[in-house]
Amino acid sequence: MEIETCLIKKVAKFPKVCTNCNNEIPIGDAFHHEEGVKEYLHSLIARQFCSDCYAKYGEKKLLSGNK
116 MEIETCLIKK VAKFPKVCTN CNNEIPIGDA FHHEEGVKEY LHSLIARQFC SDCYAKYGEK
176 KLLSGNK
């Protein structure tokens, strides 16, 4: 069963790592966090992407998992 997801822009309160490029997202930087559209997506499986990857690949490509 797949959960329909989207990316929400947030500001990092703690250091994070981009799921796509593995670069660190420092505190205070914007990033895009995956959330379920109609269903809850647990934070342990939700992906997060830095703003550079989001600008380069876009939401659709990042969520599909293809670089």
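Residues 116 to 182 (my numbering) make up the sequence shown, in order.
Cβ coordinates follow ideal geometry from the N, Cα and C atoms, glycine included.
Own chain residues within Cβ distance below 7 Å of alanine 170, not counting five before or after: Taking the first residue of the sequence shown as 1, we reach residue 170 at position 55. Closer than 7 Å at the Cβ level, and outside the excluded window around alanine 170, lies no residue.
Cross-strand partners of glutamate 150 (DSSP beta bridge): Numbered from its first residue, the sequence shown carries residue 150 at position 35. Note: glutamate 150 sits in a beta bridge opposite Cys121.
Cβ-based neighbour list, valine 152, same chain, cut-off 6 Å, excluding 5 preceding and 5 following: Counted from its first residue, the sequence shown places residue 152 at position 37. Answer for valine 152: Glu119, Cys121, listed in chain order.
First and last residue of the uninterrupted alpha helix (DSSP H) at cysteine 168: Along the sequence shown, one-based indexing puts residue 168 at 53. Per DSSP, cysteine 168 belongs to the alpha helix (DSSP H) from 166–179.
Where asparagine 137 falls, given that 16 or more other Cβ within 10 Å makes a residue buried: If you number the sequence shown from 1, residue 137 lands on position 22. Exposed: under 16 other Cβ atoms inside 10 Å.
Distance, lysine 125 Cα to glycine 143 Cα: On the sequence shown, residue 143 is found 28 positions in, with the first residue counted as 1. On the sequence shown, residue 125 is found 10 positions in, with the first residue counted as 1. Cα to Cα, the separation comes out at about 9 Å.
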